[in-house]
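J.: In full-length UniProt numbering, the protein residues as written are 1 to 172.
What follows is a structure written as structure tokens; I'll ask about it next.
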Amino acid sequence: MERELLLECQRNDRKAQRQVYEKMAGRLYSVCKRYLKNDEDIEEVLADTFYKIFTKISQLQNPDTFEAWAKKIAVNECLQKLRTGKALFISLEESPNEPSEGSSEHISFEKDILNLLNFLPEGCRAIFNLFAIEGYPHKEIASMLSISEGTSKSQLNFARKKLQELLVNQNI
């Protein structure tokens, strides 16, 4: 992100904020989509994320880290939504309906994998995203979600097994 554009945002320049929004909205939407299924929830979290970005941008010390900082805000907003929405962790036996076999729609492998994340229970999906995609260690995940490290590890293990089953069933 351009330093001058971020400086203008710090001065509450609406045009600069709009440019930042247009440059970042797609990426941050993708981040939110990995954690949340419901489009309304994603839009709400995205709006909260940009509100926080623009109200806290003066705290950003290094403009070179803006994108990582914005992504972290989005992840934290998603986790907050999961915490306040309903129970983050559901029984490991419960999971959303699995995709039907033999789907004729064949898209890229990465999109297939990300799509399969939607079939994981919310808690498992959040932990899988934090660990496998975002790179957080179990200790930090446990702290972020107010759970034990053991719970984080077991939910990740369940997510991996479930994804393997889904991959086999979908012939991906």
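From the three backbone atoms N, C-alpha and C, an ideal C-beta is built for every residue, glycine too.
In this text the structure is predicted, and so the values were computed from the model without any measurement.
Quick one: is serine 30 buried, meaning 16 or more other Cβ sit within 10 Å of its Cβ, or exposed?
T.: Counting Cβ neighbours within 10 Å, serine 30 comes out exposed, since fewer than 16 surround it.
J.: Between the Cα of threonine 151 and the Cα atoms of Gly135, Val168, Ala126, Arg11, which residue gives the shortest distance?
T.: Selected option, being the one with the closest Cα: Ala126.
J.: Please list, in chain order, all residues of the same chain as glutamine 80 whose beta carbon is under 7 Å from its beta carbon, the five residues on each side excluded.
T.: Hits under 7 Å: none found.
J.: Checking 8 Å against the spacing of the C-beta atoms, do phenylalanine 54 and glutamine 17 come in under that value?
T.: The answer is yes: Cβ separation under 8 Å.
J.: Short check: CB of alanine 68 to CB of threonine 49, under 8 Å?
T.: For alanine 68 and threonine 49, no; Cβs fall outside 8 Å.
J.: Provide the residue span of the alpha helix (DSSP H) that contains lysine 52, from first to last.
T.: Element bounds for lysine 52: 39-56.
J.: If distances are taken between C-alpha atoms only, which option among Arg34, Pro137, Leu7 comes closest to proline 121?
T.: The residue with the shortest Cα to Cα distance from proline 121 is Arg34.
J.: How many Å lie between aspartate 41 and asparagine 12 at the Cα?
T.: Roughly 26 Å separates the two Cα atoms.
J.: Would you call the CB atoms of histidine 138 and lysine 162 closer than 8 Å?
T.: No, Cβ-Cβ distance for histidine 138 and lysine 162 is not below 8 Å.
J.: What are the start and end residues of the alpha helix (DSSP H) that includes serine 30?
T.: Serine 30 -> alpha helix (DSSP H) spans 14-35.
J.: Output needed for isoleucine 57: all residues of its chain with C-beta closer than 6 Å, excluding positions within five of it in sequence on either side, in chain order.
T.: Closer than 6 Å at Cβ, skipping near neighbours: Cys9, Gln10.
J.: Near cysteine 32, what residues of its chain come up, given a Cβ to Cβ distance below 7 Å and the 5 sequence neighbours on each side ignored?
T.: Once the five neighbours on either side are set aside, the close Cβ partners of cysteine 32 are Ile42, Val45, Leu46, Ala74, Cys78.
J.: Along the chain, where does the alpha helix (DSSP H) that runs through isoleucine 133 open and close?
T.: Run containing isoleucine 133: none; DSSP gives neither H nor E here.
J.: Alpha carbon to alpha carbon, how far is glutamate 134 from asparagine 76? Give it in angstroms, no decimals.
T.: Straight-line Cα distance between these residues: approximately 12 Å.
J.: So what's glutamate 4 in DSSP terms, helix, strand or just coil?
T.: DSSP places glutamate 4 in helix when its eight states are reduced to three.
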